[in-house]
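What follows is one structure encoded as structure tokens, with my remarks underneath.
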Amino acid sequence: MSSFLAFTIFGLVSGAAYAIAASGLVLTYSTTRVFNIAHGALGMLLSFVFWDFSVRQGMPTPLALALVLLVVAPAIGWFLQRFVARDLGDAPVSVSLVVTVAILVATLGLAQQVWPPEARSVQPFFAGTSFEMFGFFITAHQVLTIVLSFVVAIGLYALLNRTRIGTAMRASVDNPELLKLFGGQPERVAALSWAIGTSLAALAGVLLVSTIGLDYYALLLLVINAFAAAILGRLKNLPLTFVGAMSLGLLTSYASGYLPTEGLLNSVRNVVPALFLFAVIVAMPQAQLRIGQVKGIVAAPLPSPFKALGWSGALLLGVMLLASGMSEANLLLVGTAATYAIVMLSMVLLTGYGGHVSLAQITFVGVGALAYIKVDQPNLLGVLMAGLVAAGVGALVALPVIRLTGLYLALATLAFAVIMDKMIFQAGFAFGFNGSLNAERLSILTFQVETTGAYVWVMALFFVVMGLGLLVVRAGPLGRMLVALRDSPAACGTLGLDQRWFRVGLFAVSAGMAGVAGALYAGLRGTVGAAEFQFFGSFTLLLMAVVFGVTSVTGAALGGIGLMMLPVLQADYPGIAGLFFVVIAVGAILLARDPNGLANQLFRLGNMLDRRYGTRVRERIPVLPVPGGSIGGMREIARAEHDANAHADHTLDTVGLGGAPGPEGTDGRKETAGVQ
Amino acid sequence: MSSSPVPQGGGHRADARGGPLLEVDHVVVQFGGVTAVNEACFTADPGTVTGLIGPNGAGKTTCFNVISGLQRPTRGKVRFQGKDVTSMPVHRRSKRGMGRTFQRLEAFGSLSVRDNVRVAADIHRGVLTGLLPGGGRGKDIDALLERVGIAAYAQERADSIPTGTARLLELARCLAGDPKLLLLDEPSSGLDETETDAFGDLLRDLASEGRAILMVEHDMDLVMAVCDTIHVLDFGSIIASGEPAAIRRDPAVQKAYLGYSDEDDEDHTATDLPAVSDETLVIPAVREGAEA
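Note that the protein sequences, when read in sequence, are chains A and B.
Counted the way this note's numbering counts, the first sequence spans residues 1310 to 1985.
Counted the way this note's numbering counts, the second sequence spans residues 10 to 301.
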């Protein structure tokens, strides 16, 4: 019984810290409509700052705390709102989420860069002081945490309901433009709410860090706790958020107190917040279809069938030549790039065409790899099974969430990724704790792919086939439906499209593609373990996809190579390993509003060169006979390409390559980020 | 498979044949403390054009949202072909034969005009059957574009065409599903005079095919010319219903629109004059066909 009381108090203390973090999240989300997935990461970064001030530089604790909470945190929050997250409120979730994921990754990179891994610890406040209550001791730090959570709750309530700026904050939720007309300053309101929100993330981090330790990743996941608490109050109700946070704190505490210390249930304690999040989401009511959605986000122009086939052939030939003269280690890298490229194809379908964001693609790769090994059919059937299993799991994740908006889907996938990472993949029936499994290379129609070079070529072939398949789908009726659904869900509904099943299907196919990548990857490496499918991988995957272009097959290929290079570069330059994260994040922030990414810039360059020199070059080469009848959907592509390119040319004109800038001024952003 | 439509509440003719295609039955929609639609009752019959008019903010679009399923009413029922569809999802109402256009445009901006209609045809055929080759036959699509008069824009991107054209595109998109009931939300705004006349003819033509058309419209000339019946909404309540000529003479309508009642004032086709005296609020609603 006394232990129950102890767990209760401990639970309330963690709940209090979650409540502080969650109210910060609610504040920023409800005033700016931007869900800051980096909320926990900022708490982590600022805890490091606090450590730096109070321990490394030896400042008195109150001074260090005041500096962090009142100067550094608000400054970061203000900066982020002002220069990074501005105008994201009306943007589609695939843009706003990418930007905040980029903030998260940048924050992590920065923390690793400035404070390289070493043992650090932060003492609790008033260390050594404790009070006796009902027969046990409760530390002053714990009392302080609970008191502060109430101070924050009451303070926020008073701010929102009793002050002018609070009224302006609430007004800016409804209509920032109108607020402006009435003399309010929505920009200032937004910046203020981000400043306060970041400060609250810092406070929660600093309060928690003496118990959970200064760790890059542990506090990152605080956003899941905060989010789980906040959605109980639908991301706007502060009292309910408080209740949610306290319940979650208690649940976490009881789980760690009473769950068995062995077997699968042992690992449940690591994922209580993620499970809580799922439970709350499942209980949420259906979201209404909204009218007045974002329109006219342009995908990269479709290549003509001959161009697509030509480049496919060139890629396969290139990989073949590469493979013949490459060392085993480098071949493995090429194979890894091919894996990533296939995963990015799955994101082209889901995010580029469909406008949804998954933060669990790497997890589906893991599911595919696991299924391939367990099915133990090292042939095409095994790969197919792996894809089907991953697709099934993907459908299961999407089903409870699909009635809700894209943000909830994305966060549910994150919760799913954490559950798989911390619990399932490490379980005995999967890879095992710190364990790994052996996989065989596949044989195709009884032909055993023995050498790594041949295997890598087969992977490239898979990429090409899936990429061409994607283009055929995009040009056909299904592709048009995807675009239509992204442009206006409400109109699709009134035309008779059942969006829930359509989206579950889309999500499942995307997960299945990632699963196929996982199966191939398992065969490539021979041994794979849980560590290769950690949740964080999906973040860098998403950012890389956006940087290189999440709307085109070319972007997927380039992104795959880029993501493969990342750890290689980090290993080569360990001194600036963290900076690479920052660079990618900055790139993603700059390019997030143009999902066509670097690949599209390449297309433009190609078109420009073609215009300047194309005719001259063509005059000098003999005319090639045009191949006869086209294959299946290829004609469709040709037609769609014609339509799409009409606009691509228009974009080119406005860019003014070598000419005057068009009416849109800059690089055709009007088409790509036309938020209305 | 489905239970036979049983008349409810005594007075309603709820039979699928002969009765109204659409019945809005004492629908109430409240947003917090604001009552957007208050006990609205009206019907739409096959082969007729029904107008829903009223000052801005009267609750017309909210009524459309309730009928098409984008908004769940606080109270009241919507019946379609005699069947209660109040809690039916949007897409299933569409499958039963409802089509609508939007006041704030919802064209698929990144598709061409032609592909907008093609998608609608594909969706109508069903997602899976839409995958079979030969989907959304080009001839039918072009005929539809021709019919609403936007064939010239077929290859344009839908977010680059003029507003009036985009509204016609939304109509064409609806028609690809061959709906029995058309809900048109301010379809003529953005059209010039000639285009509006042609549009009026098109509406009559569509009605003569046996479709029921329910239209929210601010262009009084058009409303008076094409509607068989008009319902006037003000502050969420229906204050008058009847034939165009009767509506034009109705003092309550004149008050709601103009703030005063004047029998001689025929030229006022005011659209944006929500100035309303307090008396309007207490004028008893005149309802037709929905009272028990």
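The beta carbon of each residue, even a glycine, is placed where N, CA and C say it ideally should be.
#### Entry: Which residues DSSP lists as bridging His240(B), in chain order
Per DSSP, Leu61(B) and Ser250(B).
### Query
Roughly how many whole angstroms lie between the Cα atoms of Ser96(B) and Leu153(B)?
Their Cα atoms are separated by approximately 32 Å.
### Task
Output the distance between the C-alpha atoms of Phe1587(A) and Val1727(A), rounded to the nearest integer angstrom.
If I take the Cα positions, the gap works out to 12 Å.
### Message
Quick check: is the beta carbon of Ser120(B) nearer than 7 Å to any beta carbon in chain A?
### Response
With the sequence shown as reference, residue 120(B) is identified as Leu, and Ser is not the correct amino acid for it. By the rule that beta-carbons nearer than 7 Å mark a contact, Leu120(B) touches chain A.
### Strand pairing of Glu32(B), partner residues [DSSP]
Glu32(B) is bridged to Thr52(B) and Arg88(B).
### Message
Against Ser1797(A), what residues of chain B qualify as contacts under a CB-to-CB distance less than 7 Å, listed in chain order?
### Response
For Ser1797(A), the neighbours in chain B by C-beta distance under 7 Å run, in chain order, Glu115 and Phe117.
### Message
Please report whether the beta-carbon of Met1694(A) lies at a distance below 7 Å from any beta-carbon of chain B.
### Response
No - not a single Cβ of chain B is within 7 Å of the one on Met1694(A).
### Query
Taking only beta-carbon atoms, is Asp1807(A) less than 7 Å away from chain B?
Answer yes: the Cβ-Cβ gap between Asp1807(A) and chain B drops below 7 Å somewhere.
### Query
Which partner residues of Ala221(B) appear in the DSSP bridge assignment?
Looking at the DSSP output, Ala221(B) sits in a beta bridge with Leu190(B).
### Message
Assuming Glu1637(A) is part of the alpha helix (DSSP H), what are its boundary residues?
### Response
Run containing Glu1637(A): Glu1637 to Met1656, per the alpha helix (DSSP H) assignment.
### Query
Between which two residues does the beta strand (DSSP E) carrying Ala1441(A) extend?
In the sequence under discussion, the amino acid at residue 1441(A) is Glu, which differs from the Ala named in the question. Residues Ser1439 to Met1442.
### Query
Using the rule of at least 16 other Cβ atoms within 10 Å of the residue's Cβ for burial, across every protein chain shown, is Ala2017(A) buried or exposed?
Only positions 1310 to 1985 of chain A appear in the structure, and residue 2017(A) is not among them; the question remains open.
### Task
Mind reading off the beta-carbon distance from Val1706(A) to Ala1721(A)? Whole number of angstroms is fine, and I expect it under 8 Å.
Yes, Val1706(A) and Ala1721(A) are in contact; Cβ-Cβ is about 7 Å, under 8 Å.
### Task
Mind checking which residues open and close the alpha helix (DSSP H) that includes Thr83(B)?
First-last for Thr83(B): undefined, no H or E at that position.
#### Entry: Inter-residue Cα distance where the pair is Lys1545(A) and Gly1333(A)
Roughly 11 Å separates the two Cα atoms.
### Task
Give the secondary structure of Thr44(B) by DSSP, where H, G and I count as helix, E and B as strand, and everything else as coil.
Correct three-state label for Thr44(B): strand.
### Message
Quick check on this structure: which residue in Phe1316(A), Met1874(A) and Met1822(A) has the alpha carbon closest to the alpha carbon of Thr1561(A)?
### Response
The shortest Cα separation from Thr1561(A) among Phe1316(A), Met1874(A) and Met1822(A) belongs to Phe1316(A).
### Message
Does the CB of Pro29(B) have a neighbour CB from chain A at under 7 Å?
### Response
For Pro29(B), no CB of chain A lies under 7 Å from its own CB, so it is not counted at the interface with that chain.
### Query
Do you know how far the Cα of Leu1875(A) is from the Cα of Leu1888(A)?
If I take the Cα positions, the gap works out to 11 Å.
### Task
Work out the CA separation of Phe1445(A) and Gly1437(A) for me, nearest whole Å.
Cα to Cα, Gly1437(A) sits roughly 14 Å from Phe1445(A).
### Task
With DSSP collapsed to three states, give me the class of Val1859(A).
Residue state, collapsed to three classes: coil.
### Rounded C-alpha distance that separates Ala1350(A) from Gly68(B)
Cα to Cα, the separation comes out at about 45 Å.
### Query
Counting along the chain, where does the beta strand (DSSP E) carrying Ser1339(A) start and finish?
For Ser1339(A), there is no enclosing beta strand (DSSP E); the residue is part of the alpha helix (DSSP H) that begins and ends at Ser1311 to Thr1341.
### Query
Where in the stretch 1380-1443 of chain A do unbroken runs of the beta strand (DSSP E), each at least 3 residues long, occur, reported from the N-terminal end onward?
Fully enclosed beta strand (DSSP E) runs of 3 or longer: 1439-1442.
### Span of the beta strand (DSSP E) around Arg109(B)
For Arg109(B), the enclosing beta strand (DSSP E) covers residues Met107 to Arg109.
### Message
Need the endpoints of the beta strand (DSSP E) that Gly1838(A) sits in, please.
### Response
Thr1836 to Gly1838 is the span of the beta strand (DSSP E), which, as asked, contains Gly1838(A).
### Task
Buried or exposed for Arg220(B), please, with buried defined as at least 16 other CB atoms from any protein chain shown within 10 angstroms of its CB.
By the 10 Å Cβ count, Arg220(B) comes out buried.
### Task
Return no unless some Cβ of chain A is closer than 7 Å to the Cβ of Ile159(B).
No, Ile159(B) lies away from the interface with chain A (no Cβ there is under 7 Å from its Cβ).
### Task
List the DSSP bridge partners of Ser121(B).
According to DSSP, Ser121(B) bridges with Arg166(B).
#### Entry: Given 8 Å, three or more beta-carbon pairs between the stretch 1788-1795 of chain A and the stretch 113-132 of chain B
The stretch 1788-1795 of chain A, when compared against the stretch 113-132 of chain B, does touch it at the 8 Å Cβ threshold.
#### Entry: Neighbouring residues, chain A, relative to Arg182(B) (Cβ below 9 Å)
Counting only Cβ-Cβ distances below 9 Å, Arg182(B) has contacts in chain A at Ala1800 and Leu1804, in chain order.
### Task
Drop a sphere of 10 angstroms on the beta-carbon of Ile1463(A), count the other beta-carbons inside from all chains shown, and report buried for 16 or more, exposed for fewer.
Exposed: under 16 other Cβ atoms inside 10 Å.
### Task
Give a yes or no on whether the minimum CB-CB distance between His1956(A) and chain B is below 7 Å.
Caution is warranted here: a pLDDT of 45 is assigned to His1956(A), below 50, making its placement in the model unreliable, and the coordinate value is therefore given only provisionally. For His1956(A), the answer is yes, since a Cβ of chain B falls inside 7 Å of its Cβ.
### Task
Name, please, each residue of chain A whose Cβ falls closer than 8 Å to the Cβ of Gly68(B).
What Gly68(B) touches in chain A: nothing, since even the nearest Cβ is about 15 Å away.
### Query
Taking Cβ positions only, does Ala1826(A) come closer than 7 Å to chain B?
Chain B contact via Cβ: absent.
### Query
If you compare alpha carbons, which of Pro1425(A), Arg1429(A) and Ile1455(A) is closest to Ser1323(A)?
Distances from the CA of Ser1323(A) to each of Pro1425(A), Arg1429(A) and Ile1455(A) were compared; the closest alpha carbon is that of Ile1455(A).
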